[in-house]
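Peer 1: Heads up: the sequence shown at position 131 corresponds to 131 in UniProt numbering, and the numbers run straight through without jumps.
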Amino acid sequence: MKKASNAAIDGTIENILEDHMESEKNINSLKSCIEDISNKQKIVIIIDELDRCKPSFSTNIIETIKHIFDINNVFFILVTNTEQLKASINHIYGYSINSQKYLDKFIKYTITLPDTCLINGHNVCKTSVIYWDHLVGETTLLNKINSLVGSFICDLIQRTNLSLRETQTFSRNLNIFRLLNDNECKSNDPFINMIVVVAVFIHCFGDKEKLKQEITAESISYLADLLNIKEIPYSYERRSQIPEISIIFFGIIKDSITLNERFAPKSDEGT
1 MKKASNAAID GTIENILEDH MESEKNINSL KSCIEDISNK QKIVIIIDEL
51 DRCKPSFSTN IIETIKHIFD INNVFFILVT NTEQLKASIN HIYGYSINSQ
101 KYLDKFIKYT ITLPDTCLIN GHNVCKTSVI YWDHLVGETT LLNKINSLVG
151 SFICDLIQRT NLSLRETQTF SRNLNIFRLL NDNECKSNDP FINMIVVVAV
201 FIHCFGDKEK LKQEITAESI SYLADLLNIK EIPYSYERRS QIPEISIIFF
251 GIIKDSITLN ERFAPKSDEG T
């Protein structure tokens, strides 16, 4: 039995070594091929959404680029959410590692996409809002709802500070909802369409565990933070200034509003 065990171990080690040698051979062949091409022309390799990969895979990729594919005239462009990539590094190596300094060993130049840009040379606009306008033009259903409540959607994107990727997720889910429920959602009432928009937004970005139970003081605060609502202005003098999102929020929580002092009307305010 001992001899059989030793033989099995030896066989396993031999297989591992053979696999490693074969892997090294394949890598060297690929490297040689890239070197041949790069001698004639510049090579640019783009790796997108690296932050969405498993932490072990994403860190292995950037280490491989540095140690194996550091070849003249070959350039890698990594398109990634840097904060999430740093979180992946800490997940692998622990939080005692300075993830930014770790990345600096591999990445020579960093270009951050702007959060805002100038429209017509002077109007500041969030890039996610501009991206939303682009996405609207791609589907009839999004274009339809945008014609009814486009300004409300843009305000929601801005007030909740959606990223480009989150804006894409939101638009995709909104389009799917309208596609599946178009027969039931033919209303041209802007307010009804605003409710649909908020419902889809909560579905996309809300914590379903916190929101699927009955309304509590904590869930009211959570929903307010999700929609970036600071207060509900109850005074009659300010009624014209109430954001539409606050009206919808009030409609969601009105039956339980006294549970949360933050939004419960004061004695000198009307409801």
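By construction, the Cβ of each residue, glycine as well, lies at the ideal position given by its N, Cα and C atoms.
1) To the nearest whole angstrom, what separates the beta carbons of N175 and L142, a pair I think is in contact under 8 Å?
2) Please state the DSSP three-state secondary structure of residue 272.
3) Roughly how many angstroms separate the alpha carbons of F250 and C53, rounded to a whole number?
4) Taking the CB atoms as reference points, tell me whether I71 and I46 lie closer together than 8 Å.
5) Can we say the stretch 96-109 touches the stretch 129-139, given the rule of at least three CB pairs closer than 8 Å?
6) Helix or strand or just coil, what does DSSP make of T112?
7) Go ahead and label L180 buried or exposed: buried means 16 or more other beta carbons lie within 10 angstroms of its beta carbon, across all protein chains shown.
8) By DSSP, does F75 sit in helix, in strand, or in coil?
9) Give the secondary structure of L227 by DSSP, where H, G and I count as helix, E and B as strand, and everything else as coil.
10) Leaving out five residues on either side along the sequence, give the residues of the same chain with a beta carbon under 7 Å from the beta carbon of T160.
11) Cutting at 7 Å between CB atoms, please list the residues of its own chain near N260, excluding the five before and the five after it.
12) Output the distance between the C-alpha atoms of S151 and I253, rounded to the nearest integer angstrom.
13) With distance defined between alpha-carbon atoms, name the residue in L103, H67 and V74 nearest to Q84.
Peer 2: Short version:
1) Taking 8 Å as the upper bound for CB-CB distance, N175 and L142 are in contact here, some 5 Å apart.
2) The structure shown has nothing for residue 272, since the chain only spans 1 to 271.
3) The alpha-carbon separation between F250 and C53 amounts to approximately 39 Å.
4) Going by beta carbons, I71 and I46 fall outside the 8 Å limit.
5) No, they do not touch.
6) Collapsing the DSSP output to three states places T112 in coil.
7) Exposed, because fewer than 16 other Cβ atoms sit within 10 Å of the Cβ of L180.
8) Residue state, collapsed to three classes: strand.
9) In the structure shown, L227 falls within a coil segment according to DSSP collapsed to helix, strand and coil.
10) Leaving aside the five residues that flank T160 on each side, the residues in its chain whose CB is nearer than 7 Å to its CB run, in chain order, L227 and N228.
11) Here the set comprises A217, I220 and S221.
12) Taking C-alpha positions only, S151 is separated from I253 by approximately 24 Å.
13) Measuring from the Cα of Q84, the nearest candidate turns out to be L103.
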